[in-house]
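To convert a position in the sequence shown, counted from 1, into the working numbering, add 13.
All C-beta atoms in this analysis are idealised placements derived from N, C-alpha and C, irrespective of residue type, glycine included.
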Amino acid sequence: MGVKLIALRCAGFNNVDLNAAARHRIPVVRVPAYSPYAVAEYAVALMLALNRKIHRAYWRFRVEYTGVRPLSRPEFAANEGVEYVPLEQLFRQSDIISLHCPLTEQTRYMINEKAIDQMKEGMMLINTGRGQLIHTEALIEGLKKKKIGSAGLDVYEEEAAYFYEDTSDRIMGDDMLARLLSFNNVIVTSHQGFFTREALDNIAHTTLQNVRDFSDGRRLTNEVRPGA
Numbered sequence: 014m015g016v017k018l019i020a021l022r023c024a025g026f027n028n029v030d031l032n033a034a035a036r037h038r039i040p041v042v043r044v045p046a047y048s049p050y051a052v053a054e055y056a057v058a059l060m061l062a063l064n065r066k067i068h069r070a071y072w073r074f075r076v077e078y079t080g081v082r083p084l085s086r087p088e089f090a091a092n093e094g095v096e097y098v099p100l101e102q103l104f105r106q107s108d109i110i111s112l113h114c115p116l117t118e119q120t121r122y123m124i125n126e127k128a129i130d131q132m133k134e135g136m137m138l139i140n141t142g143r144g145q146l147i148h149t150e151a152l153i154e155g156l157k158k159k160k161i162g163s164a165g166l167d168v169y170e171e172e173a174a175y176f177y178e179d180t181s182d183r184i185m186g187d188d189m190l191a192r193l194l195s196f197n198n199v200i201v202t203s204h205q206g207f208f209t210r211e212a213l214d215n216i217a218h219t220t221l222q223n224v225r226d227f228s229d230g231r232r233l234t235n236e237v238r239p240g241a
C-alpha cells in the first residue's frame with residue numbers, strides 16, 4: 014500500500030493493531046504528553062464540581078484519600094509525597110479515584126463490578142483517560158446502589174457516536190449514556206479535558222517532529238511497539 018509510517022496525533026494507541034504494523038514493518042508514533050497539566054486540572058475541576066455540587070453549592074471539599082491510576086513508578090510517588098499502593102488497596106481506601114490510563118488489554122474494564130464492590134461506600138470516580146477503562150453497566154449499577162456517590166466522566170466507551178459533533182437535534186439511541194445523563198450526581202463532558210491552545214500547539218509540533226525524525230532517519234523517540 015506504500016504506507017511507511019503511522020503518525021498518531023494523540024497519546025492513545027488502542028485504535029492501532031501494533032502487531033500488524035510490526036509485521037509490515039510500519040513504525041507507529043504518537044504524541045505522548047501534549048496536555049498533562051490541562052487534563053489534571055480538568056480532573057480536579059470535575060472533583061470540585063461534584064463534591065461541592067456546584068448547581069446547589071452547599072458542600073465543602075474535604076477528603077482523606079485520593080487514588081490516582083496510574084502512578085508510573087513507586088520512586089516517583091515517593092518523591093512527590095504520595096503513597097504507592099496495590100490497586101486493591103487503592104480501591105478500598107480511596108474517597109476519590111481518578112483514572113489517567115491508556116487503554117490496553119490489561120486496563121480494559123479495570124473498573125468493573127468486582128472492582129466497584131471493593132470500593133468505599135459513596136466514593137467519587139473520575140475518568141479523563143479512556144472510556145473503556147470503565148464497564149458502564151457496572152458503573153450504573155454502582156450509582157444506583159449508592160456504592161459510587163458521584164462520577165465525573167470526560168470519556169465514554171461509545172463516545173464516537175455522540176461526542177464529536179452536535180447531536181442535540183437527534184434522538185439518543187444509547188440507553189446507557191441516556192441513563193448516565195439522568196443521574197444528578199454524574200457529570201459527562203465530551204472528551205474535552207485536553208483541549209487548550211497549548212495542547213493543540215504541542216500536538217502539531219510533536220506530530221511534525223515525529224514525521225521529520227522518520228524522514229531524516231533519526232531515532233523515533235515517540236514510537237509505540239507491541240507490548241506497550
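Counting of Cβ neighbours within 10 angstroms places Ser-48 among the buried residues, the total reaching 16 or more. Here Ser-111 carries a strand assignment [DSSP, helix/strand/coil]. In this structure, Ala-34 and Val-41 form a Cβ contact; the two beta carbons are roughly 5 Å apart against a cut-off of 8 Å. Inside the stretch 181-222, DSSP marks whole alpha helix (DSSP H) runs of 4 or more residues at positions 188-195, from first to last along the chain.
One alpha carbon belongs to Glu-170, the other to Glu-211, and they sit about 26 Å apart. Burial is judged here by how many other beta carbons sit within 10 angstroms of a residue's own beta carbon; Arg-43 has at least 16 and is buried. Segment contact: the stretch 158-172 against the stretch 201-216, three or more CB-CB distances shorter than 8 Å; contact assigned.
Put simply, of His-113, Tyr-122, Glu-118, Arg-105 the residue whose alpha carbon is nearest the alpha carbon of Gly-135 is Arg-105. Straight-line measurement puts the Cα of Arg-183 at about 46 Å from the Cα of Glu-96. Per DSSP, the continuous alpha helix (DSSP H) segment holding Asn-32 begins and ends at 31-36. Contact between the stretch 224-232 and the stretch 178-196 is not established, with fewer than three Cβ pairs separated by less than 8 Å. Leaving aside the five residues that flank Glu-172 on each side, the residues in its chain whose CB is nearer than 8 Å to its CB run, in chain order, Gly-144, Ser-203, His-204.
Excluding five sequence positions before and after Gly-162, the CB atoms of its chain that fall closer than 7 Å to its own CB belong to Gly-135, Met-136, Met-137, Asn-198, given in chain order. Distance from the Cα of Asn-235 is smallest, within the candidate group Gly-15, Ala-24, Lys-17, Val-16, for Ala-24. The beta-carbon distance between Ile-124 and His-148, rounded to whole angstroms, is 7 Å. This is short enough to meet the 8 Å contact definition. With contacts defined by Cβ atoms closer than 8 Å, Thr-180 and Ala-51 do not form a contacting pair. When rounded, the separation of the alpha-carbon atoms in Glu-101 and Pro-115 is 19 Å. A residue is called buried once 16 or more other Cβ atoms fall within 10 Å of its Cβ, and Asn-28, having fewer, is exposed. In the DSSP secondary-structure assignment, Ile-153 is not bridged to any residue. Here the alpha carbon of Leu-221 sits roughly 10 Å from the alpha carbon of Phe-227.
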